[in-house]
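The opening residue of the sequence shown carries number 287 in our numbering; numbering runs sequentially from there. Glycine is no exception: its CB is placed at the ideal position from the N, C-alpha and C atoms. Written below as structure tokens is the structure these notes are about.
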Amino acid sequence: MNLWWLWLIAPAVASIGDNLEDFKDCVHACNSMMMCDTDDVLKTIHDTRIQQIMEGRPGDQVAVAKSKRKDLYFYDRRFFQESYRQHPMFDLWWSCAADCNYKCQQIVTHWRHEHGEPMVKFYGKWPFTRWLGMQEFFSAIFSFANFYVNWLAVKPVLRQVHKNSKSHIAPEYARILRQFLYLILGSMAGWLLSTVFHIRDVPATETLDYFGAFAIVLLNFNAIGYRLLKVWRWSGMARAGWHSALLLVYVFHCTKLYLHWDYGYNTRVNLVFGLAALAMWVIHSLLVKRALATSTVDYSSSAQLMPFETALLNKLKVVGINNSKIIPYLPILLNIIMLLGLSFELRDRPPWFQMIDAHAMWHLFTIWPPLLWYDWNIWDVELLKLRQEATKAK
287 MNLWWLWLIA
297 PAVASIGDNL
307 EDFKDCVHAC
317 NSMMMCDTDD
327 VLKTIHDTRI
337 QQIMEGRPGD
347 QVAVAKSKRK
357 DLYFYDRRFF
367 QESYRQHPMF
377 DLWWSCAADC
387 NYKCQQIVTH
397 WRHEHGEPMV
407 KFYGKWPFTR
417 WLGMQEFFSA
427 IFSFANFYVN
437 WLAVKPVLRQ
447 VHKNSKSHIA
457 PEYARILRQF
467 LYLILGSMAG
477 WLLSTVFHIR
487 DVPATETLDY
497 FGAFAIVLLN
507 FNAIGYRLLK
517 VWRWSGMARA
527 GWHSALLLVY
537 VFHCTKLYLH
547 WDYGYNTRVN
557 LVFGLAALAM
567 WVIHSLLVKR
577 ALATSTVDYS
587 SSAQLMPFET
597 ALLNKLKVVG
607 INNSKIIPYL
617 PILLNIIMLL
627 GLSFELRDRP
637 PWFQMIDAHA
647 MWHLFTIWPP
657 LLWYDWNIWD
667 VELLKLRQEA
677 TKAK
């Protein structure tokens, strides 16, 4: 599916939140109280707790003067120790300093909410509430759901690839379907990387998320370009050249970003390939509709096409559509759904309950198109076969 809209909003690298003196004071207090520079933090915390219990003392407190306010905010060691690394995932993803940073974001956000001040971003991102060890729970769940719907498409597409590969009459149809198999596998990898990134946002997972997302964009461009430009009819050398060129683009793009990260450059490259793919899908959809409208053959009654058309209609019935005339327009309609998801990204607002933001809603919208997308392309290839056979029969 088209994911080019993902780069229309370039994230910032610094924000109001991480420049607040309140936040800096809190981080300093937490790092000191949790002794984040100590090698064995957990042992230190344990020993300190035992000593406090034996002496009957409450957790230590540190008073930090708040900037531009007369009141004092007391940081309690017990708050910083709360839920610290209680989940096994924490040992892998959350260092002592990272845990302090997260908890101070929550403290400042909570204080601002209680005093009627707006939520602010930290390091260009909203302060999400961690749940089950996941930094952005709903974005992670929705990303994995995207992985799952693509995984569901593997079997039917692979079945058609094998079926057409065995045909001595038209093996080129298997070449077309194989491009969608590549897209499915690339999408699964990309969404898995997205899931990991939303579980824990660190530079490494963010970089891999962007690399995975660009792979999806490029594989989508490859799939529709291969179909619309009839690359499947080219010579073996020309087809290899097509794929090699796209592979070089991917390697060059990722290498350039790795050596010098540039959000603007990344946005422009993704827009070029994303918009080109979108235009080709619209053109292809209209060409399919015109071919059906001008044909003297009633392909919808074909026993060869009927199972694939029925599969699409059965899914469309869920949303109240039961008209086969809409099928040729599905690529356009599915891209409209993606545009609706984009509308959330364009209205970036504080997350609801510090859990669901515009980006999570975008991932929610991208779950549904693949449920029809690959069925449509199987239907399209079967229709192409019928049209080719009808042409040869004349």
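Checklist entry - Touching or not, the stretch 567-574 and the stretch 612-621, by the rule of three or more beta carbon pairs under 8 angstroms? => result Two segments are said to touch when three or more pairs of C-beta atoms, one from each, lie closer than 8 angstroms; by this definition the stretch 567-574 touches the stretch 612-621.
Next on the checklist: Buried or exposed for residue 640, going by 16 or more other Cβ atoms inside 10 Å?
Outcome noted: buried
Item to check | Three-way DSSP call (helix, strand, coil) for residue 654 in this model | outcome: coil
Checklist entry - Quick one: any contact between the stretch 586-595 and the stretch 527-545, if contact means 3 or more CB pairs under 8 angstroms? => result no
Checklist entry - Buried or exposed: which applies to residue 429, given that a residue is buried once 16 or more other Cβ atoms fall within 10 Å of its Cβ? => result Burial state of residue 429 is buried, judged by a 10 Å Cβ sphere holding 16 or more other Cβ atoms.
Item to check | residue 650 to residue 627 span [Cα, whole Å] | outcome: 8 angstroms
Checklist entry - Does the distance from the CB of residue 483 to the CB of residue 491 come in under 8 angstroms? => result yes
Checklist entry - Of the residues 527, 663, 474, which one's Cα is nearest the Cα of residue 466? => result Nearest C-alpha to residue 466: 663.
Checklist entry - Roughly how many angstroms separate the alpha carbons of residue 310 and residue 401, rounded to a whole number? => result 19 angstroms
Item to check | Cβ-based neighbour list, residue 440, same chain, cut-off 6 angstroms, excluding 5 preceding and 5 following | outcome: Counting only Cβ-Cβ distances below 6 angstroms, and skipping sequence neighbours, we find 470.
Next on the checklist: I'd like to know if the stretch 549-560 and the stretch 500-513 are in contact, where contact means that at least 3 CB-CB pairs between them fall below 8 angstroms.
Outcome noted: In short, these stretches touch, since the Cβ pair count reaches three.
Item to check | Of the listed residues 460, 397, 479, nearest to residue 312 (C-alpha basis) | outcome: Of all alpha-carbon atoms in 460, 397, 479, the one lying nearest the alpha-carbon of residue 312 is that of 397.
Checklist entry - If you draw a straight line from the C-alpha of residue 415 to the C-alpha of residue 407, how long is it? => result 13 angstroms
Checklist entry - What's the gap between the Cα of residue 609 and the Cα of residue 487? => result Distance between the alpha carbons of residue 609 and residue 487: 44 angstroms.
Item to check | Of the listed residues 403, 668, 659, nearest to residue 437 (C-alpha basis) | outcome: Taking only the C-alpha atoms, the option nearest residue 437 is 659.
Checklist entry - Starting from residue 441 and walking both ways along the alpha helix (DSSP H), at which residues does that stretch end? => result Unbroken alpha helix (DSSP H) run through residue 441: 423-451.
Checklist entry - How is the alpha helix (DSSP H) around residue 413 delimited, first residue to last? => result Segment: none, residue 413 is in no alpha helix (DSSP H) and carries neither H nor E.
Next on the checklist: With a threshold of 7 angstroms on Cβ separation, who are the neighbours of residue 476 within its own chain once the five nearest residues in sequence on each side are excluded?
Outcome noted: 498, 499, 501, 502
Checklist entry - Do you know whose CA, among 669, 442, 480, lies nearest residue 573's CA? => result Distances from the alpha-carbon of residue 573 to those of 669, 442, 480 put 669 closest.
Item to check | Ranges of the alpha helix (DSSP H) found wholly within the stretch 513-587, counting only runs of at least 4 | outcome: 522-545, 549-580
Item to check | Residue range of the unbroken alpha helix (DSSP H) whose run includes residue 465 | outcome: 458-485
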